[in-house]
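The numbering of the sequence shown is full-length UniProt numbering, which starts it at 1 and goes up by one.
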Amino acid sequence: MHYDPINLIPISGGASGGEEEQQKGLDWNIASIKSIRALSRVLSPEGGALFNENNKFTDGPFPDSGVVPGEKQELKDWHNYERQREDALKTGPGEQGAPHELKEGLEKERHDLWNTNGFNALLSDQISIDRSLRDIRHIGCKSKKYKSKLPTVSVVVPFFEEHWTTLLRTVKSVVNRSPSNVLKEIILVDDGSTIKDFLKEPLDKWLATNAPMTQVVRLKERSGLIQARQEGAMVATGDVIVVLDSHVEVMNDWLPPLLAPA
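Spelled out as structure tokens, the structure:
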């Protein structure tokens, strides 16, 4: 048995496993290797800074920020206290993450949107796209400090026929709750949406005004979640790629804990 030098997954079965099983494993690993090498090109101006000519990880700095992985640094309080104070004052439907209910008489509209989206999209439309969320972290996390220099981030969000307000709420939460000097870009990947016109020009116009660091990659046909993620990764320019679903909301100060181990 021998191992691929990139991901240390066995690519031959040796004495165990039948020939067909071994071939399936080989095919899977070849696809995996191609994907990882593609990502390594994304994270380097010259292509492959994370790997040397022997396909081994390098210990050099991240290409965009210059941060050296594992480097000892002073700690910094990354918490956005102003944002926390603003959120604490917000009231209204769904604010502080509180439940919200539709008024009577909207059953048909709710039913139609539910059939299209698979969730209560009408309820989403009644909640602010910049709503506040209750801080549910452990009390010890609220005062924790992290490295003062963090790698930059490209946030990749694949979507297919996503509802308007849920998609915008995802983008808005990432923009408002991420350090501006760490969030390099947001990349929305439209995996072949065809039935919702608002995901075309109206989305582009909204992003230009509200999230100018965002670009939309539109695939000509539906390719599936994994391929859509890879298409987003191929155009990313940040040091680190974070993939999110298209109907999520991030919490205040969500990024530093993810990046600090670098």
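Cβ atoms here follow ideal geometry from the backbone N, Cα and C, with glycine treated the same way.
Being a predicted model, the structure only gives us computed values, none of them experimental.
Checklist line | Start-end ranges of the alpha helix (DSSP H) lying completely within the UniProt domain "Glycosyltransferase 2-like" (154-261), minimum 4 residues | finding: Entirely contained in the UniProt domain "Glycosyltransferase 2-like" (154-261), the alpha helix (DSSP H) runs reaching 4 residues are, in chain order, 164-176, 201-210, 225-235 and 255-259.
Check: Around the Cβ of Ala233, are there at least 16 other Cβ atoms within 10 angstroms (buried) or fewer (exposed)?
Finding: So Ala233 ends up on the buried side.
Note to self: Rounded to whole angstroms, what is the Cα-Cα separation between Asp64 and Ser154?
What the structure shows: About 11 Å.
Next item on the list: Quick one: residues in its chain with C-beta nearer than 7 Å to the C-beta of Gly238, no 5 flanking neighbours on either side, listed in chain order?
Entry: The beta carbon of Gly238 sits closer than 7 Å to those of Asp64, Thr152, Val153, Ser154, Lys184 and Glu185, all from its chain and outside the five residues before and after it, given in chain order.
Checklist line | Backbone secondary structure at Lys147 - three-state DSSP | finding: Lys147: strand per DSSP, three-state reduction.
Margin query: With distance defined between alpha-carbon atoms, name the residue in Lys205, Gly224 and Ser180 nearest to Asn80.
Written below: Measuring from the Cα of Asn80, the nearest candidate turns out to be Ser180.
Checklist line | For Ile33, the three-state DSSP class (helix, strand or coil) | finding: Per-residue confidence for Ile33 stands at a pLDDT of 40, beneath the threshold of 50, marking its modelled position as unreliable; the derived number appears in the next sentence. Taken through DSSP and simplified to helix, strand or coil, Ile33 comes out as helix.
Margin query: Using the Cβ count rule (16 or more neighbours within 10 Å means buried), how would you classify Phe119?
Written below: Exposed is the call here.
Notebook entry, point to check: Rounded C-beta distance between Glu86 and Thr170? I'm assuming under 8 Å.
Noted result: Rounded to whole angstroms, the Cβ separation of Glu86 and Thr170 is 19 Å, and the two are not in contact under 8 Å.
Note to self: In whole angstroms, give me the CA-to-CA distance for Ala121 and Asp112.
What the structure shows: When rounded, the separation of the alpha-carbon atoms in Ala121 and Asp112 is 9 Å.
Checklist line | Exposure label - Lys147; buried when at least 16 CB within 10 Å | finding: Lys147 is buried by the Cβ-count criterion.
Check: Does the beta-carbon distance from Ala211 to Val182 come in below 7 Å?
Finding: No. Outside cutoff.
Next item on the list: Determine the burial state of Ser143: buried for a count of at least 16 other Cβ atoms within 10 Å of its Cβ, exposed for fewer.
Entry: Around the beta carbon of Ser143, fewer than 16 other beta carbons sit within 10 angstroms, so the residue counts as exposed.
Check: Under the rule that 16 or more other beta-carbon atoms within 10 Å means buried, what is Pro261, buried or exposed?
Finding: Burial call: exposed.
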